[in-house]
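Read through the structure below, which is laid out as C-alpha cells, and then see the notes.
There are 2 protein chains.
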Amino acid sequence: MTAEGPTPTPRTLADPSATAAASFVTDAIDRDALVTCFGRCAIEYEGRAASKLASGDRHVMLKPDGTALVHTDEGQKPVNWQPPGCEHGCRVDDGSLVIESVRTSPDERLTVSFSNVALVATFDPADDKSIELVGTEADLKRRILADPELLEAGFTPLATERNTPAGSVDIYGEDDEGRTVVVELKRRRVGPNAVGQLNRYVEALERELHVDAEVRGILVAPSVTERATALLAEEGFEFVPLTPREDD
Amino acid sequence: MTAEGPTPTPRTLADPSATAAASFVTDAIDRDALVTCFGRCAIEYEGRAASKLASGDRHVMLKPDGTALVHTDEGQKPVNWQPPGCEHGCRVDDGSLVIESVRTSPDERLTVSFSNVALVATFDPADDKSIELVGTEADLKRRILADPELLEAGFTPLATERNTPAGSVDIYGEDDEGRTVVVELKRRRVGPNAVGQLNRYVEALERELHVDAEVRGILVAPSVTERATALLAEEGFEFVPLTPREDD
DNA sequence: ATTTCGATCTCGTTT
DNA sequence: AAACGAGGTCGAAAT
Numbered sequence: 001m002t003a004e005g006p007t008p009t010p011r012t013l014a015d016p017s018a019t020a021a022a023s024f025v026t027d028a029i030d031r032d033a034l035v036t037c038f039g040r041c042a043i044e045y046e047g048r049a050a051s052k053l054a055s056g057d058r059h060v061m062l063k064p065d066g067t068a069l070v071h072t073d074e075g076q077k078p079v080n081w082q083p084p085g086c087e088h089g090c091r092v093d094d095g096s097l098v099i100e101s102v103r104t105s106p107d108e109r110l111t112v113s114f115s116n117v118a119l120v121a122t123f124d125p126a127d128d129k130s131i132e133l134v135g136t137e138a139d140l141k142r143r144i145l146a147d148p149e150l151l152e153a154g155f156t157p158l159a160t161e162r163n164t165p166a167g168s169v170d171i172y173g174e175d176d177e178g179r180t181v182v183v184e185l186k187r188r189r190v191g192p193n194a195v196g197q198l199n200r201y202v203e204a205l206e207r208e209l210h211v212d213a214e215v216r217g218i219l220v221a222p223s224v225t226e227r228a229t230a231l232l233a234e235e236g237f238e239f240v241p242l243t244p245r246e247d248d
Numbered sequence: 249m250t251a252e253g254p255t256p257t258p259r260t261l262a263d264p265s266a267t268a269a270a271s272f273v274t275d276a277i278d279r280d281a282l283v284t285c286f287g288r289c290a291i292e293y294e295g296r297a298a299s300k301l302a303s304g305d306r307h308v309m310l311k312p313d314g315t316a317l318v319h320t321d322e323g324q325k326p327v328n329w330q331p332p333g334c335e336h337g338c339r340v341d342d343g344s345l346v347i348e349s350v351r352t353s354p355d356e357r358l359t360v361s362f363s364n365v366a367l368v369a370t371f372d373p374a375d376d377k378s379i380e381l382v383g384t385e386a387d388l389k390r391r392i393l394a395d396p397e398l399l400e401a402g403f404t405p406l407a408t409e410r411n412t413p414a415g416s417v418d419i420y421g422e423d424d425e426g427r428t429v430v431v432e433l434k435r436r437r438v439g440p441n442a443v444g445q446l447n448r449y450v451e452a453l454e455r456e457l458h459v460d461a462e463v464r465g466i467l468v469a470p471s472v473t474e475r476a477t478a479l480l481a482e483e484g485f486e487f488v489p490l491t492p493r494e495d496d
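Chains as they are written, first to last, in this note's numbering: chain A, 1 to 248; chain B, 249 to 496.
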C-alpha cells in the first residue's frame with residue numbers, strides 16, 4: 001500500500017524567461033513529470049463548448065496522463081481544464097510562454113498564454129492510489145441485502161440490478177404476500193427525479209410481467225423533499241428512511 | 249477585464265523540515281495566500297462519506313476561499329478534496345507536517361499527514377474571473393426563441409421556465425392548431441432520463457389544465473439514444489434534432 | 001466505442 | 001438555509 005522508495009526531488013524555476021520556461025516545461029513533459037506553472041495568463045478553450053478567459057493570475061497543472069487543470073484562487077472546480085488523454089505541448093509565441101493541451105474525438109484544445117511566469121515546478125510522483133470509500137449507494141444496498149427486515153418485515157430480495165426496458169432496478173424482490181417489489185436506492189436526500197426513476201421501473205415491470213397484480217415501488221433514502229413526497233403519494237409509492245452508514 | 253498590477257512573487261521552500269514547513273504554511277494561510285505542497289503523505293477524510301488513502305506522492309493545494317484539493321499524477325478529479333468554506337490548519341504532529349481542512353454543516357474533515365515534504369510554494373493571486381462560455385442549454389433556448397420555426401412551422405412560445413408541480417418547463421407554447429406544447433431542451437445527446445423529465449412536465453400540465461385535449465411533448469437535443477427513442481415513441485412524444493451552436 | 005448512472009458530484013439560481 | 005437542475009460534468013461498469 002505505502003509508496004516505497006525516495007520522495008522525488010522537485011525542480012523549480014522562479015521568474016524565468018519565456019524561453020527558459022519553455023525548455024524546462026518541454027523537458028518535463030517528455031520525462032512524464034507532473035508540471036505546475038503559476039503566473040499571469042489568458043486562456044482559450046475550443047471543443048465541446050468554447051470559452052475565453054482574459055488575463056489573470058492562475059495555477060496550471062499538467063499531468064503525465066494528459067490531464068490539464070487551470071485553477072484560480074477560488075472554487076473547487078478548475079476554471080478551465082482538459083481531460084486525461086490529451087497531448088501537452090509548449091512553445092514560445094511572440095516572446096511569451098504558451099502551453100497547449102489537445103485531444104481528438106472529440107476535438108478539443110486548451111491554450112494558455114502567459115504574459116508572465118512566476119514559478120514553474122516539476123515533480124516525478126510515484127503514487128499508488130488505493131482509496132477506500134464508505135457511505136455510498138453500494139453500502140446502502142449491502143445493508144438491505146444483509147438485513148432485508150430493514151426494508152419491511154417479510155421482504156425477500158430476489159435480484160439486484162435486474163434489467164428492465166427502462167434501466168436496471170437497484171433491488172427487485174417480493175413482499176410477504178408475494179407481491180413484486182421494486183426498490184430504488186439513494187445515498188442521500190432525494191428530489192422528484194428519483195420518484196420519476198422509480199416510476200419508470202414500476203411501469204416497465206408492470207408491462208413486462210403483464211399481470212394485473214400491482215407492482216409496489218419503494219424508495220429508500222435518508223430523506224425526501226416535499227415535492228418528492230407529493231409525487232410519491234400521487235403514484236402510490238412508499239418511502240423507507242435509511243442511510244448508507246450504520247452509525248446514523 | 250485584464251488583471252492589472254504586478255504579477256505576485258511566489259515564495260518557495262524546498263525539502264523543508266516539518267517545523268519550517270508548518271510555520272511557512274501557517275503564515276501563508278494567515279495571509280490568504282494560495283498554498284501548494286508536494287510530498288509523500290497519507291490522507292483521511294470523514295464527512296458526507298469517509299475514506300482512507302495510504303502513503304503516496306501527491307500535490308496538495310489550499311485556496312484562500314477554503315478549498316482544499318489533493319491530486320495524484322492521474323485523473324482530472326482530485327483524489328481527495330474539501331469544498332470552499334473550510335478552515336485550513338496546519339501543525340507538526342509526531343515530527344511530521346499535518347495539514348487539515350475542516351468545515352461544519354455538514355461536519356467534514358480532511359487530514360493530510362506528510363512523511364516527507366518535497367516542496368512548498370505560496371502565491372498571492374489577483375484573478376478576475378470573467379469567462380464567457382457558449383454552447384449551453386441557454387444558447388439552445390435563445391436559438392429557438394429567436395426563430396420558433398426551428399422547432400416547427402407555426403409554433404408560438406408563450407413562456408420560458410413556466411412553473412408546474414413537477415418543476416419548471418424549459419419552453420411552454422402552442423402549435424398552429426392551438427394545442428399546448430411542452431419543450432424540453434438538452435444541450436447534448438440524451439438518454440431515458442430526459443424523456444422521464446418531459447413526461448413529468450406533460451403529466452403535470454395535463455392535470456393542471458384539466459382539459460381532455462392532449463399536451464404535446466417535444467424533446468430538443470442534438471440526438472437521442474436508442475432506449476430514449478423507444479421511450480419517446482411509447483409516450484407519444486416527438487424529437488427535434490437541434491444543437492446549441494449555430495455552426496453545426 | 002457507446003450507454004448508463006452514481007457522485008464527498010460542483011455550481012448557480014431561486015425560494 | 002434548502003431545493004432544483006445544468007454540466008465542456010467526471011468516472012466506472014456494462015454492453
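Just so it is clear, CB atoms sit at the ideal spot from N, CA and C, and this is done for glycine as well. Note that the coordinates shown come from a computational prediction; the quantities given were computed from them, not determined experimentally.
Test item: CB-CB of residue 183 of chain A and residue 228 of chain A under 8 Å
no
Between B:387, B:411, B:370 and B:296, which has its C-alpha nearest residue 470 of chain B's C-alpha?
B:387
Between which two residues does the beta strand (DSSP E) containing residue 330 of chain B stretch?
328-330
Using a Cβ cut-off of 7 Å, pull out every chain B residue sitting near residue 126 of chain A, in sequence order please.
Ordered by position in chain B, the residues that pass the 7 Å Cβ test against residue 126 of chain A are 305.
Of the residues that make up the region 72-86 of chain A, which ones have a beta carbon closer than 9 Å to any beta carbon in chain B?
72, 73, 74, 75, 76, 78, 79, 80, 81, 82, 83 and 84
Under 7 Å by beta carbon: chain A residues contacting residue 380 of chain B
One finds 51 and 52 in chain A with Cβ atoms closer than 7 Å to the Cβ of residue 380 of chain B, taken in chain order.
Can you pull the chain A neighbours of residue 411 of chain B, defined as C-beta to C-beta under 9 Å?
Within chain A, no residue comes near residue 411 of chain B; the closest Cβ sits about 12 Å away, beyond 9 Å.
Using a Cβ-Cβ cut-off of 8 Å, state whether residue 256 of chain B counts as contacting chain A.
yes
Could you tell me the distance, in whole angstroms, from the CA atom of residue 403 of chain B to the CA atom of residue 433 of chain B?
15 Å
Report all residues from its chain with a CB closer than 7 Å to the CB of residue 54 of chain A; omit the five preceding and five following residues, and keep chain order.
42
In chain order, what residues of the region 154-180 of chain A put their CB closer than 9 Å to some CB of chain B?
Within the region 154-180 of chain A, the residues whose Cβ lies closer than 9 Å to some Cβ of chain B are 165, 166 and 167, listed in chain order.
Residue 98 of chain A beta carbon less than 8 Å from that of residue 60 of chain A:
The answer is no: Cβ separation not under 8 Å.
State the Cα-Cα distance for the pair residue 50 of chain A and residue 83 of chain A, rounded to the nearest angstrom.
Going from the Cα of residue 50 of chain A to the Cα of residue 83 of chain A covers about 15 Å.
Across which residues does DSSP place residue 362 of chain B in a beta bridge pair?
B:289
Between the Cα of residue 94 of chain A and those of A:115, A:241 and A:133, spot the shortest distance and give me the residue it belongs to.
A:115
With a CB to CB cut of under 6 Å and the five nearest residues on each side skipped, what residues in its chain are close to residue 497 of chain B?
This structure leaves residue 497 of chain B out entirely; chain B is present only between 249 and 496.
Ordered list of beta strand (DSSP E) runs contained in the region 147-183 of chain A, each at least 3 residues:
156-164 and 167-174
Whole runs of the alpha helix (DSSP H) within the region 181-215 of chain A, excluding any shorter than 4 residues:
Listed in chain order, the complete alpha helix (DSSP H) runs (minimum 4 residues) inside the region 181-215 of chain A are 192-209.
Please check if any C-beta of chain A sits within less than 8 Å of the C-beta of residue 440 of chain B.
yes
Member of B:396, B:445 and B:394 whose CA lies at the smallest distance from the CA of residue 416 of chain B
B:445
Using 8 Å as the limit for Cβ to Cβ distance, is residue 383 of chain B near chain A?
Output row for residue 383 of chain B: interface = yes.
With 8 Å set as the bound, which would you pick, yes or no: does the beta-carbon of residue 249 of chain B sit closer than that to a beta-carbon of chain A?
At residue 249 of chain B, the pLDDT of 42 sits below 50, so the modelled position is not reliable and the matter cannot be decided from this model.
Should residue 95 of chain A be flagged as near chain B, meaning a C-beta pair shorter than 8 Å?
no
Within this structure, are the beta carbons of residue 225 of chain B and residue 371 of chain B separated by less than 8 Å?
An answer regarding residue 225 of chain B cannot be provided, because it is not within the stretch 249 to 496 covered by chain B.
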